[in-house]
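Residue numbers (the numbering used here): 71 to 178.
Note that the Cβ used here is the ideal one computed from N, Cα and C, for glycine as well.
None of the values given here were measured: they were computed from a predicted structure.
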Amino acid sequence: MDGNLGGRLKEERKRLLLSQHDFGVIGGVAENAQGHYERGERLPKSDYLMAIRRKGVDVLYVLSGERSHMSADDLTVEETEVVNQYRTLHEADQGAIAQITSSLSRDA
Numbered sequence: 071m072d073g074n075l076g077g078r079l080k081e082e083r084k085r086l087l088l089s090q091h092d093f094g095v096i097g098g099v100a101e102n103a104q105g106h107y108e109r110g111e112r113l114p115k116s117d118y119l120m121a122i123r124r125k126g127v128d129v130l131y132v133l134s135g136e137r138s139h140m141s142a143d144d145l146t147v148e149e150t151e152v153v154n155q156y157r158t159l160h161e162a163d164q165g166a167i168a169q170i171t172s173s174l175s176r177d178a
């Protein structure tokens, strides 16, 4: 089994700030199944992958390690709100936000 797939799945779950339990609920599986997927002990089925995709998971990345190109339709309501708020800021403030998010993502 592909151990990297499990690591990428866990990375996507953490990016969305979800627990294994909550992520499993979204995918329609129990928390222990979610743990098996993340440890690379089992491979997720297509219905699970489709369900987590609808919640913002980059399934192409999970399966292949390659990020897909996102469109505005892929953003959650919260992400769209952040983008809209960002666009109202002055250029200097946008630069500050870019530095903050870059720093936070390195620490994640």
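In the displayed model, Val127 falls within coil according to three-state DSSP, outside both helix and strand. Straight-line measurement puts the Cα of Thr171 at about 15 Å from the Cα of Leu159. Assignment of Ser134 by DSSP, reduced to helix, strand and coil, places it in the helix class. When DSSP states are grouped into helix, strand and coil, Arg176 belongs to the helix group. Contact annotation: Glu101 and Gly94 have beta-carbon atoms nearer than 9 Å. With respect to Gln169, Tyr156 sits apart: the two C-beta atoms are not nearer than 9 Å. Put simply, the backbone Cα of His91 is about 35 Å away from that of Ala166. In chain order, Gly97, Gly98 and Val99 place their CB closer than 7 Å to the CB of Tyr118, counting only its own chain and leaving out the 5 sequence neighbours on each side. Nearest to Arg176 by alpha-carbon distance, out of Gly126, Arg85 and Leu75, is Arg85. The criterion of a C-beta distance shorter than 9 Å is satisfied by Gly77 and Glu108.
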